[in-house]
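S.K.:
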Amino acid sequence: MATVAVKVWVVAMMLVVHCFDVGLGAGGDGLCLGSPDYGDALAKAILFFEGQRSGRLPANQRVSWRGNSALADGRPENVNLTGGYYDAGDNVKFGFPMAFTVTLLSWSAIEFRGDVAAAGQLGNLGAAIHWGADFLLRAHTSPTTLYTQVGDGNADHGCWERPEDMDTPRTLYKVTADSPGSEAAGEAAAALAAAYLVLKEDGDKAFASRLLAASKSLFELANNYRGSFQSSCPFYCSYSGFQDELLWASAWLYRATKDGKYLDFLRQNQGSSNPVNEFSWDNKQVGAQMLATQEYLKGRRELDRYKANLDSFVCALMPDSGNTQIRTTRGGLLFTRDSVNMQYTTTAALVLSIYAKTLESWGVSDGVRCSAASFSPDQIASFAASQVDYILGSNPMGMSYMAGFGGAFPRRIHHRAASIPSIKVLTRTVPCNEGFSSWLPTSDPNPNVHVGAIVGGPDENDQFGDNRGDSAHSEPATYINAAFVGACAAAMGQSQKPASPTLASY
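For the sequence shown, the positions run -19 to -1, 1 to 487 when mature numbering (1 follows the signal peptide of the UniProt record, and there is no 0) is used.
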């Protein structure tokens, strides 16, 4: 334990020295002595979602360079599928990752409500959740129907145009009893149950009740008409199967309703819980394990497999655990894979933060035991916070990977709306081919800073080229930011705690 504590302390000190050495400064940049302005980062991470909005924008829209878009979505089948979020730097609405985004935002609000409130962001976070949940609610048009995508991904990716100018087909995709997609329906069920828990506390009880009813219906669709989304999806296909979404959804529905049938589902399907080393829009095993472990610690000891698998996840991430599977770069970043790596970093940081908080609240001071080391709740939380710090500037490049945060950040993110002048500035239509010839390839910074957008991140050598054409590293995505919201709120709370006795004694 002493050895691990010293290593954590040394890493923390290296971050402090590095931050000081690159001269990132304090004040608005919030990057002095390795301690970013978490409140500012949290506010910007949430603001990002307003720049991703589809549909008719509200009067209180804060991202002023965006305009109304996709106002006829759903019309070919006489349904209203306006609203929701564009997934990343394109103009398609992918329901599967959008639902995951809503679940993560809601989870962040539930677990770190006090920290989000302290930053003055509860209202904005609630609005972000509401915007996504409202779309998912309307996409569930009957007990056996869920619309899962609006837009033709191939056609959209063949154009570079603002959403306000969009003229590519708004093709509709759905899952039904005859063409099932248990992954998509299960994730939507999880999202609406989690959103219900947030919004019922924020005064919108009638809307929240509708979310809960739809969540129950979606779980029945996912469970009663089992089938893989992969057989009918064009993009964001699931490769991990649907059992993880069923566990994830049942865990959320039990938390929302306390109905024993959802707990029974978790018990009876515990054999479907497996140890994994990532948490993503595709694989929800770790999320279900985290929720089930919270029930285990309340006394439901029959859920022990979930806790064992969650502990395995922690050991797979923590350096020098003896069971490490995901390496960290020389600069300290968890590096799962080269394409859009930040999605795995932020989700890992979120789960580690929640688990650390949970263990501490239940007095489990010895934390997680791995084969070569044990990690206390404080050490787990500190490691999670180090990932947040890396994203915000404590890294070898000396830049934040969040647009608009600090003095140095990505200026050429792979994002159609951000890379073309606002419809309010360049009022004429910018057609598909002009976007490709004039706006995608230019080395000029984007005319619109998409404040709060976290990009895919650096390569395995901590290097980042800030190249608009490099979607694997320069493109933001809603689920990157959604997980970061909770991880950042946790880091803010962690930074305000007294120093760990173990580290202080060193």
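The beta-carbon is built from N, C-alpha and C at its ideal position, and this holds for glycine as well.
1) Does the distance from the CB of H111 to the CB of D185 come in under 9 Å?
2) Taking all protein chains shown into account, do 16 or more other C-beta atoms lie within 10 angstroms of the C-beta of T408, making it buried, or fewer, making it exposed?
3) Output the distance between the C-alpha atoms of I361 and K338, rounded to the nearest integer angstrom.
4) Secondary structure at M79, three-state DSSP: helix, strand or coil?
5) Going by beta carbon distance, what residues of the same chain come within less than 6 Å of N290, once the five residues before and after it are set aside?
6) Could you give the residue range of the alpha helix (DSSP H) that holds V466?
7) For the alpha helix (DSSP H) that contains T238, what are its first and last residues?
8) For R248, which of A108, R286, Y217 has the nearest alpha-carbon?
9) Can you find a CB in chain C that lies within less than 9 Å of the CB of I91?
10) Around the C-beta of A53, are 16 or more other C-beta atoms found within 10 angstroms, so that it is buried, or is it exposed?
11) Would you tell me roughly how many angstroms separate the C-alpha atoms of A366 and S196, rounded to the nearest one?
12) Taking the CB atoms as reference points, tell me whether L234 and A174 lie closer together than 9 Å.
13) Y371 by DSSP, collapsed to three states: which one?
14) Mapping DSSP to helix, strand and coil, what is R34?
15) Please return the same chain residues whose Cβ sits closer than 7 Å to the Cβ of Y336, not counting the five positions on each side in sequence.
16) Return the CA-CA distance between A472 and A453, expressed in angstroms with no decimal places.
17) If distances are taken between C-alpha atoms only, which option among R34, F29, P215 comes closest to L153?
18) Can you tell me which of L333, A330, P358 puts its alpha carbon nearest to the alpha carbon of W343?
19) Out of S334, A354, G312, which has the shortest C-alpha to C-alpha gap to G303?
20) Hey, is the region 93 to 102 in contact with the region 64 to 84, meaning 3+ C-beta pairs nearer than 8 Å?
M.R.: In short:
1) By 1-based counting over the sequence shown, the position of residue 111 is 130. By 1-based counting over the sequence shown, the position of residue 185 is 204. Cβ distance < 9 Å, so H111 and D185 count as in contact.
2) Working through the sequence shown from its first residue, we reach residue 408 at position 427. So T408 ends up on the exposed side.
3) By one-based count along the sequence shown, residue 361 stands at place 380. By one-based count along the sequence shown, residue 338 stands at place 357. For I361 and K338, the distance between alpha carbons rounds to 9 Å.
4) Residue 79 sits at position 98 when you count from the first residue of the sequence shown. Three-state DSSP puts M79 in a helix.
5) Here residue 290 refers to the residue found at position 309 when the sequence shown is read from its first residue. Within the same chain, N290 has close Cβ partners S254, P256, Q270.
6) Looking up residue 466 in the sequence shown gives position 485. Where V466 is concerned, the enclosing alpha helix (DSSP H) stretches over 459 to 476.
7) Counting from one through the sequence shown, the residue named residue 238 turns up at place 257. Where T238 is concerned, the enclosing alpha helix (DSSP H) stretches over 224 to 238.
8) Position 267 of the sequence shown, counting from 1, holds the residue named residue 248. The shortest C-alpha separation from R248 is found at R286.
9) Chain labels in this structure do not include chain C; a single protein chain is all it has.
10) Start at 1 with the first residue of the sequence shown, and residue 53 comes out as number 72. Burial call: exposed.
11) If you number the sequence shown from 1, residue 366 lands on position 385. If you number the sequence shown from 1, residue 196 lands on position 215. For A366 and S196, the distance between alpha carbons rounds to 32 Å.
12) Within the sequence shown, the letter at position 253 stands for residue 234. Within the sequence shown, the letter at position 193 stands for residue 174. Yes, Cβ-Cβ distance for L234 and A174 is below 9 Å.
13) Within the sequence shown, the letter at position 390 stands for residue 371. Reduced to three states, the DSSP call for Y371 is helix.
14) Here residue 34 refers to the residue found at position 53 of the sequence shown. Note: R34 maps to strand in three-state DSSP.
15) Mapped onto the sequence shown, residue 336 falls at position 355. The answer, listed in chain order, is M271, L291, V295, I361.
16) Taking the first residue of the sequence shown as 1, we reach residue 472 at position 491. Taking the first residue of the sequence shown as 1, we reach residue 453 at position 472. Taking the straight line from one Cα to the other gives about 26 Å.
17) Mapped onto the sequence shown, residue 153 falls at position 172. Selected option, being the one with the closest Cα: P215.
18) Here residue 343 corresponds to residue number 362 of the sequence shown, with the count starting at 1. Minimum Cα distance to W343 is reached at P358.
19) Against the sequence shown, residue 303 aligns to sequence position 322. Answer by Cα proximity: A354.
20) no
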